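Asker: One structure, pasted below without further comment.
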Amino acid sequence: MLASRRSTRQARQVVLAVSVFVLIYLFLLRSSPSVDHEAAFLRHHMNADPPEHTLVESSFDWSSVKFAHVPPPLDPPAPPLQTRRSPKMPRIQHVFTDDDDEETQAAAMLRESRRRKVRDVLARDWQSYRAHAWLQPSCNAALLDTAWAMFETVANGTAAGFGHGAVKEVTVPQDELVREDYMEGFWLAETLKYFYLVLSPPDVISLDEFVLNTEAHPLRMPS
Numbered sequence: 015m016l017a018s019r020r021s022t023r024q025a026r027q028v029v030l031a032v033s034v035f036v037l038i039y040l041f042l043l044r045s046s047p048s049v050d051h052e053a054a055f056l057r058h059h060m061n062a063d064p065p066e067h068t069l070v071e072s073s074f075d076w077s078s079v080k081f082a083h084v085p086p087p088l089d090p091p092a093p094p095l096q097t098r099r100s101p102k103m104p105r106i107q108h109v110f111t112d113d114d115d116e117e118t119q120a121a122a123m124l125r126e127s128r129r130r131k132v133r134d135v136l137a138r139d140w141q142s143y144r145a146h147a148w149l150q151p152s153c154n155a156a157l158l159d160t161a162w163a164m165f166e167t168v169a170n171g172t173a174a175g176f177g178h179g180a181v182k183e184v185t186v187p188q189d190e191l192v193r194e195d196y197m198e199g200f201w202l203a204e205t206l207k208y209f210y211l212v213l214s215p216p217d218v219i220s221l222d223e224f225v226l227n228t229e230a231h232p233l234r235m236p237s
């Protein structure tokens, strides 16, 4: 008898908890903005006010830190850092309206068709990558030869007296290239790194152990 009462009490508690959860879910569903399609959701998101940020006092007094090397005084002195909350900035972004007129409806249809096109291309490329390249590093000699030809073209087209200058226009013949009087930072940080990784032996960074992000930073895959 005692076990039966306990089981009944537990069943009531479970039913009560489920009922409360359903009521909360329905309340949140009714209070949320009506989003019948993607454009309406984006319009609501873009027109909404930014969230409020609460200032949190620092747990450390940085003014108590003594300089190991005192910087020279500024002339004129630097203005003090602001310690109060910034005034509310005026809204400057475009206010998206309902798609009520023909011109606005046409623009909305064009935006959605472009988004669908981008999604379709991304899905197709991703499926092709998974089917033909995922975890299948290619050592095709023709591709390596093409990469070497690309490197020689880039190196010869940018070579200057000191380093490699930026090229103002790349659609002209090589003997008509105009080099700027500076070298881009990404020449070392990206261009040479990409060529090095393509042409280096497989054991430099094994693609069985690492995956390269969009900046060619090697990230070790979980074992």
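When we follow the numbering used here, the leftmost residue of the sequence shown carries the number 15, and every step to the right adds one.
Virtual Cβ for every residue (Gly too), placed ideally from N, Cα, C.
Nothing here was measured: the structure is a model prediction, and the numbers come from that model.
What residue ranges within the stretch 112-191 form continuous alpha helix (DSSP H) runs of no fewer than 4 residues, ordered along the chain?
Answerer: 116-146, 155-172
Asker: How big is the Cα-Cα spacing for G7 and K102?
Answerer: Past the boundaries of the shown model lies residue 7; the chain is included only from 15 to 237, so the question cannot be answered.
Asker: Give the DSSP-derived three-state secondary structure of V28 in the structure shown.
Answerer: helix
Asker: So for V34, helix, strand or coil by DSSP?
Answerer: helix
Asker: Give the DSSP-derived three-state secondary structure of L221 in the structure shown.
Answerer: coil
Asker: Among V186, Y196, D159, whose alpha-carbon lies nearest the alpha-carbon of A173?
Answerer: That would be Y196, whose Cα lies nearest to the Cα of A173.
Asker: Taking the beta carbon of G175 as the centre, do at least 16 other beta carbons fall within 10 Å, making it buried, or is it exposed?
Answerer: exposed
Asker: For the beta strand (DSSP E) containing R211, list its first residue and its last residue.
Answerer: Note that residue 211 corresponds to Leu in the displayed sequence, not to Arg. Membership of L211 in any beta strand (DSSP E) is not indicated; the residue belongs instead to the alpha helix (DSSP H) covering 206-213.
Asker: Check for me: the beta strand (DSSP E) holding R234 runs from which residue to which?
Answerer: Looking at the DSSP string, the run of the beta strand (DSSP E) that includes R234 is 232-234.
Asker: For V225, which residues from the same chain have a beta carbon less than 6 Å from its beta carbon, with the 5 sequence-adjacent residues on both sides left out?
Answerer: L233, M235
Asker: Take T97 as the anchor and find which of V218, L191, S72 has the nearest alpha-carbon.
Answerer: S72
Asker: Using CA atoms only, rank isn't needed, just tell me which of R99, A137, E183, Q119 is closest to A54.
Answerer: Q119
Asker: If we count the other Cβ atoms within 10 Å of its Cβ and call it buried at 16 or more, is G179 buried or exposed?
Answerer: Burial of G179 is indicated by the presence of at least 16 other C-beta atoms within 10 angstroms of its C-beta.
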